[in-house]
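Report on the following structure.
In full-length UniProt numbering, the protein residues as written are 1 to 738.
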């Protein structure tokens, strides 16, 4: 066995000698003693008996970074290439590779790793160590594996001037790029922490990032959550001691005080170099990097998170780019968010969240997910939870409440067809705002939720955009869109863009603002409303006023919303996390139907947001105009954003318009916009008629398949009464879990 003592014989100081030396130093040079003690304590508390294990491709800087980290921690440093392999083999690594060939080399290298042991050290692996499973399992037992993730183009550039005869797998017909790409799967399998390393980042900076990442890994206390209505000064000792983590807020959904969960220390920030390192990355790779920073590994380990992301965005999306950016006209670009299985942007969150939820919840309890939808969420959440493993379906069920007469015919057909053995749709004889408010009331009814837990062993949870986990995947596609514009040569990093989003509940807009906070250079976030333009009025005046206001049915039903839930998270942020103010404002909205922002807060808001609205007539006219000039069909919500973008953009920078749904979902309105005189009322017939236009994008594949299915064929309908909804919930729990 190789032991650490072989590499650091001078560190073998007995406890008695150490105590004597410390006493003499403390008496003669107290300042120097304090500095040494602080350094030792920092190293000891950070490492203990664990190792920091640096992993990455050849040329990633593992050896240099390892030496600097070791110096900073005052601990032993081991380079597997130089200190283990070449010592064991009594020859250079390149000579060994030439002697035995690729496959035998990997086996010999793995055997050497299996015989090696160390503790409290910084270890730099070889680029090929992760390809030997047994060796990695052995070394990982006593260490934290840090992946130095360097873009392939940077590695290629670094290795141009270096000998590559030590790189396993490199041979005639197999390029260096092929080797590097092949190895990524092994790096992703083993790491605990990822550190992004750009092209021009100094090794000293990388070493600091490694230390920061290890500290974060070891201290989940840094990433707790609070309610938007909690007061820091008024919090009790009991509240401070009962900390909430990502796993808690995913399962709990809504805070007990009626507020929404937000990270106590805010979102992570990426440097310009880190963002630039993701320009060449795939959508899945970008999602992994961003979400790893937002979800602590104690809640979901990096390897499990990667597995979940691959499942969510792999075969379920019809476009390999997942969220492609398409040039529309002039300086306008479309972010196509409809390539998921149910044809709307909701798929980005709801293909991912069910798996996060299933991983985070305790196995000792059943869960019923409550959802309110204005249209697209319903089919997306039903589809997402239906893809869980069978064992998870037995303990996780879902009920989707939607306005019976407030969604498009195709949306309703989708929600009925997507019902499964653990997921149901219930139509409510009211609007979306009632559905959303009723769910909030049910969550905060402790008598009812307590009864369900005691009587049926079932807890309630939320999958609406009020759930924090719903927002994170949306941050990813806003960031990815910006990186795609760079990749397409439209802009360079640092150039500003505007973003225009059709929004009612403010979740998508909030996610764009979060992306801006994390380092994406978004200049203005433009909110686009339909005739239910309460958000537009609020952004312009600072007055949120629902008095005498009735919901208007429109051709863009997903934004037929008057109460924007996620607005509370945004206001909490710009109000310096003033929970008392949020309680005051939103209680006033609930009880009196209005509130008004103070002038200074309105000023902050208007630095970030601008807003406009669009009538149904202008929406249809925009669809016709864009199709006539480009051959591209916008859905009704994207058309609302297009109209508002035309009115509000200043054309000094690109503007990314979020195309939030596929036009197929709103066939009657689209056919009317295209000036078709006679429209068949059968949804499937409408899609077949649209497909005859051979427009861009083509008819959505998943939507056609869903409408061809019979599903469960029917759904329940209930009155607009919270007690009636509670009765439905209890009945569903009895039928599924008992």
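Glycine included, C-beta positions come from ideal geometry on N, C-alpha and C. Owing to the predicted nature of the structure, the values given are computational and were not obtained by experimental measurement.
Exposed or buried, residue i, counting other C-beta atoms within 10 Å across all chains shown (16 or more means buried)?
i           : result
residue 675 : exposed
residue 242 : exposed
residue 568 : buried
residue 283 : buried
residue 631 : exposed
residue 612 : buried
residue 104 : exposed
residue 497 : buried
residue 582 : buried
residue 365 : exposed
residue 169 : buried
residue 91  : exposed
residue 19  : Note on residue 19: pLDDT 39, under 50, position unreliable in the model; the coordinate value appears next. Flag for residue 19 reads exposed.
residue 649 : buried
residue 447 : exposed
residue 776 : The first residue shown for the chain is 1 and the last is 738, placing residue 776 beyond what the model contains.
residue 360 : buried
Under 8 Å, do residue i and residue j count as touching if we go by C-beta distance?
i           : j           : result
residue 333 : residue 485 : yes
residue 346 : residue 433 : no
residue 176 : residue 56  : no
residue 352 : residue 268 : no
residue 687 : residue 679 : no
residue 350 : residue 397 : no
residue 369 : residue 479 : no
residue 475 : residue 290 : yes
residue 256 : residue 437 : no
residue 109 : residue 138 : no
residue 265 : residue 222 : yes
residue 204 : residue 53  : no
residue 220 : residue 245 : yes
residue 375 : residue 408 : yes
residue 556 : residue 640 : yes
residue 134 : residue 114 : yes
By DSSP, does residue i sit in helix, in strand, or in coil?
i           : result
residue 272 : helix
residue 301 : coil
residue 420 : strand
residue 454 : helix
residue 493 : coil
residue 498 : strand
residue 650 : coil
residue 612 : strand
residue 643 : helix
residue 545 : strand
residue 106 : helix
residue 116 : strand
residue 194 : strand
residue 432 : helix
residue 320 : coil
residue 130 : helix
residue 78  : strand
residue 523 : strand
residue 166 : coil
Going by DSSP, what residues sit across from residue i in a beta bridge?
i           : result
residue 55  : 147
residue 427 : 402 and 717
residue 461 : 369
residue 529 : 613
residue 659 : 336
residue 229 : According to DSSP, which records beta bridges pairwise, residue 229 is partnered with nothing at all.
residue 414 : DSSP output for residue 414 lists no bridge partner at all.
residue 594 : 545
residue 696 : 632
Which residue from the options puts its Cα closest to that of residue i?
i           : options               : result
residue 744 : 129, 642 and 140      : There is simply no residue 744 to check, as the chain begins at 1 and stops at 738 in what is shown.
residue 733 : 83, 551, 536 and 451  : 451
residue 71  : 120, 421, 523 and 648 : 120
residue 301 : 277, 365 and 194      : 194
residue 411 : 356, 58 and 663       : 663
residue 62  : 80, 73, 50 and 48     : 80
residue 329 : 387, 735 and 646      : 646
residue 813 : 356, 558, 49 and 413  : For residue 813 there is no data in the structure shown, the boundaries of the chain being 1 and 738.
residue 673 : 657, 633 and 682      : 633
residue 394 : 165, 342 and 422      : 422
residue 704 : 715, 682, 716 and 298 : 682
residue 652 : 524, 48, 189 and 608  : 524
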